[in-house]
Every structure is written in structure tokens, then in C-alpha cells.
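Here is the structure we will look at, set down as C-alpha cells.
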Ligand code: NDP
Ligand code: PMR
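In the UniProt record's numbering, the protein residues as written are 91 to 492.
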């Protein structure tokens with residue numbers, strides 16, 4: 091176990107950078123005195139009734155996007171045999187649905203027959219294969235191209251989506267990249283450090299543009315979900331494994347994260363891929379709360395984030411060293427017991443999209459060991475309203491909205 095834990099230490103994985111692994115890191119984290127049970131408390135009080143509304147009938151024109159047929163026309167209501175009207179199919183966009191959590195949630199939602207999933211992905215063929223092998227019925231999904239590492243692609247995606255004339259009832263910002271072993275930063279099309287550029291800025295522009303579409307939806311519960319993580323929250327044991335998330339005074343971010351006249355890191359420090367990922371997750375969680383403060387009352391949209399559990403088997407760890415990829419799943423299963431399967435995580439995300447009991451806005455959802463959802467506490471930084479506003483304002487400038 092000692093060997094296994096040591097192999098999971100971030101410092102052990104960066105030998106090329108730091109010379110030798112620091113065995114003290116594990117000691118540090120084990121003396122943090124953070125009670126796991128705090129994160130496992132459940133809150134069952136939130137059983138809100140979903141308002142059943144009736145909808146007028148509207149037909150959608152079948153259109154073709156990038157050579158792909160948009161499947162059957164949804165109607166706002168469907169008459170059942172006893173004459174009652176049921177809710178029309180919901181329409182949800184999931185970014186990064188070609189693998190891992192996004193794919194599992196797409197499958198889960200599609201299988202209910204209540205949702206049409208728009209899989210917003212950068213690799214069309216990979217996504218098509220993934221959807222097929224997951225057994226998602228073809229009338230329940232479409233694939234649309236989206237590369238979050240290019241703001242032009244984000245704008246193009248929004249145009250294409252609008253041309254499809256589908257309603258937008260839920261948007262899930264799920265895609266992410268993680269570069270724990272990169273010694274030098276890489277950059278998006280516009281020259282932003284790749285992790286924050288993709289995970290935060292691409293999604294920031296996407297969700298800002300699609301807010302109008304969500305507003306127009308007459309679905310009873312409209313939702314914008316931005317996937318967060320425990321590792322961005324320094325009020326947890328996992329969030330205290332170095333390097334810790336820290337946005338500092340945002341000087342690198344304000345400078346454009348370009349690695350030239352400004353640092354590639356939000357806090358202005360030296361590039362660290364694992365930290366950049368965790369910082370991007372803090373931005374994701376701050377953005378969700380800023381959306382909530384600015385738009386929830388006016389629009390009725392539910393803005394939420396979540397930590398789905400540790401899905402140690404996904405493609406997120408593809409750039410990690412082989413030893414990490416070998417040991418991480420058993421470490422999470424047997425040592426931290428934070429492991430969840432892709433299927434289980436997909437169920438959790440699909441609850442946040444469509445469950446009637448999860449309509450509260452401004453919440454960061456987590457699940458306890460019995461897979462019951464509860465409202466979790468964010469770290470001080472990840473719930474700092476002043477920082478959220480600053481991140482929002484700088485992001486607007488960087489993506490060309492201000
Ligand atoms: P995966 O690598 O399996 O999925 C990530 C997805 O993002 C892939 O579909 C990938 O596409 C896509 N993606 C990456 N870059 C881009 C881009 N530039 N444009 C469009 N899509 C892109 O990882 P997970 O399923 O684990 O991650 C999903 C989410 O869950 C992330 O937000 C992550 O932060 C979060 N999360 C994961 C945890 C875990 O333990 N795995 C824990 C907590 C949160 P492609 O297939 O083309 O590479
Ligand atoms: Mg972590 C309860 C303890 C716990 C949980 C739930 C996670 C989740 N991790 C925990 C503890 C530890 N981890 C401890 C004690 C160590 C030191 C041995 C440790 C190490 C570790 C590494 C090196 N953990 C990691 C890494 C990664 O590279 C992953 C990461 O930080 O990705 C950003 C990771 C994760 N641990 C988690 C989760 C959910 C991750 C991955 C992904 C994410 O946040 O998206």
C-alpha cells in the first residue's frame with residue numbers, strides 16, 4: 091500500500107521536473123484532519139415538486155448539419171392512450187460526450203426515452219462509434235462538432251445548433267483536458283493555456299451564448315450544469331494533494347494566459363499542468379455561482395455544478411504515466427473508497443439534468459456512499475463571490491464578449 095500510495099503522489103510523477111519524489115507529500119495530506127464524513131452527509135430535504143405545464147404543439151423542421159440527419163421531430167406534448175398529455179422530449183447538449191462521464195450520462199438520458207442528446211464533440215467518428223457501442227438508439231442522439239479549444243468553433247457550434255431549430259432545455263459543460271505530465275504549456279487557437287482555455291473559457295463562451303436559447307425554452311425545468319470537482323476544493327483531503335488549486339490575484343488570467351508577456355497560469359506562477367486543471371475546475375464552479383447570481387431570478391434557469399465521484403477509469407488520465415493509470419483505480423476503490431464506475435457517475439449527472447428533486451439553483455451536488463445526493467460545501471476560494479465576479483469579467487474580455 092505504501093508503494094501504491096507513493097506512486098500516486100503527484101511529486102512522484104514529476105521526477106523529470108523535481109529531481110526526486112517527495113515522500114512528505116502523503117504525510118502532509120494525512121495530517122490535514124479533514125473529516126470525510128463531512129462530505130458524506132446527505133440532504134434529503136430537497137424534494138421539490140415539478141410543475142406540470144402543458145405545451146402547445148410545435149413541429150421542428152428536419153435539417154441537416156454537417157452531413158448528418160437530425161432525427162425525429164420532437165413535439166412539445168405527446169398524447170397518451172388515456173388522453174393525458176405528457177411532457178415532450180427534452181433536448182440536452184452535452185459537451186465531451188465521446189467518452190467517460192459525458193458518454194455515460196448521454197446513454198442514461200437517451201435510454202429514458204425522455205431526452206434527445208446532442209453530443210457536442212471534437213471527434214465526430216470517435217463519438218459515432220462510442221454512441222453505437224454504448225447502444226444509444228439513433229433517434230435519441232445527434233452529434234455536432236465542437237472544439238472547445240477554439241472560440242471560432244464554439245461560435246460555429248452555436249450557429250449550427252440554432253439552425254437545427256431544436257429547443258435547448260439543458261446544457262451540460264462536461265468536456266475537459268488534464269495534462270499532469272506536461273512540462274511546458276500548450277495553447278488553444280486563441281493562445282490561452284489549454285486546460286483553462288478548454289475547460290473554462292470555451293465553456294464560458296458556449297454557455298453565455300446559449301443562455302438565450304435556454305431562456306427561450308418552455309420546458310418546465312431548464313438547467314445549465316458545469317461539471318466541477320473535489321480536487322479544485324481545498325476544503326477536502328483530495329483538494330489538498332499538491333499542487334493545490336489557487337487562482338491568486340488572477341494576474342496571469344488578466345494578462346491572457348499566453349505564456350509570452352503573461353504567465354500561462356491564472357495566479358501568474360510557473361506552469362504546472364495538474365494545477366492548471368484544478369484552477370480550471372475552480373473557474374467552472376465560480377462561473378456556475380456567478381450565473382446563478384446574475385440570471386437565476388430573472389430566467390428561472392437552474393444553475394448547478396457537481397462532483398460525480400472519482401471515475402478513475404476514464405480518458406481524463408490518458409496523459410498520466412502508465413504506473414498511475416494502473417494504480418489509480420485500485421487506490422480509489424480500496425484506499426480512498428471514492429471510486430465510482432462510469433455508469434454510476436453517468437446516472438448521477440443525468441439526475442442533475444432531469445431529476446425533479448434536483449431543481450435548486452446555485453448548488454454543488456455530491457453523492458454519499460449510498461449514492462444519495464446532497465448539497466456539498468465548496469472551498470473558500472471556490473465560493474468567493476468577489477473572485478467569481480472578477481473571473482467572470484476577465485473571461486468576458488478574453489472571449490470577446492466585453
Ligand atoms: P474523459 O477524458 O473520458 O472525457 C472528456 C471529454 O472531453 C472527452 O469526450 C473529450 O473528447 C472531451 N474534450 C476534451 N477536449 C475537448 C475539446 N477541445 N473540445 C471538445 N471536447 C473536448 O474524462 P471524464 O469523463 O473523466 O471527464 C468528464 C468531466 O468530469 C470533466 O469535466 C472532468 O473534469 C470531470 N471530473 C472527472 C473526474 C474523474 O475522476 N474522472 C472527477 C471529477 C470530475 P475526446 O474524446 O475527443 O478526447
Ligand atoms: Mg486523489 C478521499 C480521498 C481522495 C479522493 C476522493 C480523491 C479523488 N483523491 C483522494 C486522495 C488522494 N489522492 C491522496 C491521499 C493522494 C496521495 C497519494 C491522491 C493522489 C492523487 C493524484 C496524484 N489523486 C489524484 C491524482 C491525480 O492526478 C488526479 C487529479 O488530481 O486529477 C486532477 C487525482 C484525483 N483524486 C481524486 C479525483 C476525483 C481525482 C481526479 C480527477 C478530478 O478531479 O477530476
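Backbone N, C-alpha and C define an ideal beta-carbon position, used for all residues, glycine too.
How close, in whole Å, do the beta carbons of residue 395 and residue 434 come, if the pair is a contact with beta carbons under 8 Å? As a working note, residue 395 is residue 305 in the chain shown. As a working note, residue 434 is residue 344 in the chain shown. Their Cβ separation, rounded to whole angstroms, is 18 Å, which puts residue 395 and residue 434 out of contact at 8 Å.
Roughly how many angstroms separate the alpha carbons of residue 490 and residue 381, rounded to a whole number? In the chain shown, counting from the first residue as 1, residue 490 sits at position 400. In the chain shown, counting from the first residue as 1, residue 381 sits at position 291. Roughly 18 Å separates the two Cα atoms.
If contact is defined by three or more beta carbon pairs under 8 Å, each pair taking one atom from either stretch, is the stretch 384-399 in contact with the stretch 356-365? Not touching, per the Cβ criterion.
Less than 7 Å between the CB of residue 270 and some heavy atom of ligand 2, yes or no? Mapped onto the chain shown, residue 270 falls at position 180. Under cutoff, so the answer is yes.
With distances taken from CA atoms, which of 320, 303, 322 and 241 is nearest residue 313? As a first step, residue 313 must be located in the chain shown, where it is residue number 223. The residue with the shortest Cα to Cα distance from residue 313 is 303.
Locate the beta strand (DSSP E) running through residue 288, then write down its first and last residues. Walking along the chain shown from the start, residue 288 turns up at place 198. Membership of residue 288 in any beta strand (DSSP E) is not indicated, and neither H nor E is assigned to it by DSSP.
What ranges does the beta strand (DSSP E) occupy inside the stretch 188-247, keeping only unbroken runs of at least 3 residues that lie completely in it? If we require 3 residues or more, the beta strand (DSSP E) runs fully inside the stretch 188-247 come out as 205-211 and 231-235.
Per DSSP, residue 465 is paired with what? Start at 1 with the first residue of the chain shown, and residue 465 comes out as number 375. According to DSSP, residue pairing for residue 465 in a beta bridge involves 455.
Out of curiosity, what's the CA-to-CA distance linking residue 197 and residue 189? The sequence position of residue 197 within the chain shown is 107, counting from 1. The sequence position of residue 189 within the chain shown is 99, counting from 1. Near 11 Å, if we compare the C-alpha coordinates of residue 189 and residue 197.
On the criterion of 16 or more Cβ atoms from any shown chain inside 10 Å, does residue 199 qualify as buried, or is it exposed? Start at 1 with the first residue of the chain shown, and residue 199 comes out as number 109. Residue 199 sits buried, since 16 or more C-beta atoms from the chains shown fall within 10 Å of its C-beta.
Compute the Euclidean distance between the alpha carbons of residue 233 and residue 219, then round it to the nearest angstrom. Taking the first residue of the chain shown as 1, we reach residue 233 at position 143. Taking the first residue of the chain shown as 1, we reach residue 219 at position 129. Whole-angstrom Cα-Cα distance: 11 Å.
Quick one: using the 10 Å Cβ neighbour count with 16 as the cut-off for buried, is residue 210 buried or exposed? Counting from 1 along the chain shown, the entry for residue 210 is found at position 120. Burial call: buried.
Please look up how many angstroms separate the CB atoms of residue 315 and residue 442, rounded, as I've assumed it's under 8 Å. Start at 1 with the first residue of the chain shown, and residue 315 comes out as number 225. Start at 1 with the first residue of the chain shown, and residue 442 comes out as number 352. Taking a contact as a CB-CB distance under 8 Å, the pair residue 315 and residue 442 counts as one, their CB atoms being some 5 Å apart.
Assumed close pair residue 300, residue 238 - CB separation to whole angstroms, cut-off 8 Å: Within the chain shown, the letter at position 210 stands for residue 300. Within the chain shown, the letter at position 148 stands for residue 238. Not a contact, Cβ separation roughly 13 Å.
So residue 342 and residue 356 are in contact, right, with Cβ under 8 Å, and what is the actual spacing, rounded? Mapped onto the chain shown, residue 342 falls at position 252. Mapped onto the chain shown, residue 356 falls at position 266. Contact check for residue 342 and residue 356: beta-carbon distance about 5 Å, within the 8 Å limit, so the pair qualifies.
By Cβ distance, which residues of its chain are closer than 7 Å to residue 226, with the 5 residues on each side in sequence left out? Sequence index remark: in the chain shown, residue 226 carries index 136 (1-based). Cβ within range, chain order: 196, 197 and 200.
Cut-off 7 Å between Cβ atoms - residues of its own chain near residue 487, not counting five sequence neighbours on either side: For the purposes of this step, residue 487 is identified with residue 397 of the chain shown, where counting begins at 1. Cβ neighbours of residue 487 beyond the five flanking positions: none.
How many Å lie between residue 294 and residue 221 at the Cα? Counting from one through the chain shown, the residue named residue 294 turns up at place 204. Counting from one through the chain shown, the residue named residue 221 turns up at place 131. When only Cα atoms are considered, residue 294 and residue 221 end up about 26 Å apart.
Leaving out five residues before and five after residue 403 in sequence, what residues of the same chain have Cβ atoms less than 7 Å from its Cβ? Translated into the one-based positions of the chain shown, residue 403 becomes position 313. Contacts found: 419 and 432.
What do you reckon, are the CB atoms on residue 240 and residue 268 nearer than 8 Å? For the purposes of this step, residue 240 is taken as the residue at position 150 of the chain shown. For the purposes of this step, residue 268 is taken as the residue at position 178 of the chain shown. Remark: C-beta atoms of residue 240 and residue 268 do not approach each other more closely than 8 Å.
Could you name the residues of the same chain whose beta carbon sits closer than 6 Å to that of residue 183, not counting the 5 residues immediately before and after it, in chain order? Working through the chain shown from its first residue, we reach residue 183 at position 93. Only 208, 210 and 261 meet the Cβ criterion.
Could you please give me the residues that DSSP links to residue 372 through a beta bridge? One-based indexing of the chain shown puts residue 372 at position 282. DSSP, once it has assigned bridges, lists no residue as partnering residue 372.
Cβ of residue 367 versus every heavy atom of ligand 2: is any distance shorter than 7 Å? On the chain shown, residue 367 is found 277 positions in, with the first residue counted as 1. Yes, the beta carbon of residue 367 sits closer than 7 Å to at least one heavy atom of ligand 2.
Going straight from the alpha carbon of residue 352 to that of residue 373, what length do you get? Your numbering for residue 352 matches position 262 in the chain shown. Your numbering for residue 373 matches position 283 in the chain shown. Their Cα atoms are separated by approximately 19 Å.
Just to confirm the assignment, what range does the beta strand (DSSP E) spanning residue 260 have? Reading the chain shown from its first residue, position 170 is the one you call residue 260. 260-263 is the span of the beta strand (DSSP E), which, as asked, contains residue 260.
Classify residue 78 as buried or exposed, calling it buried when 16 or more other Cβ atoms lie within 10 Å of its own Cβ. The question about residue 78 has no answer here: the residues shown for the chain are numbered 91 through 492.
Residues that residue 340 bridges to, as DSSP identifies them: On the chain shown, residue 340 is found 250 positions in, with the first residue counted as 1. Answer is none; residue 340 lacks a bridge partner.
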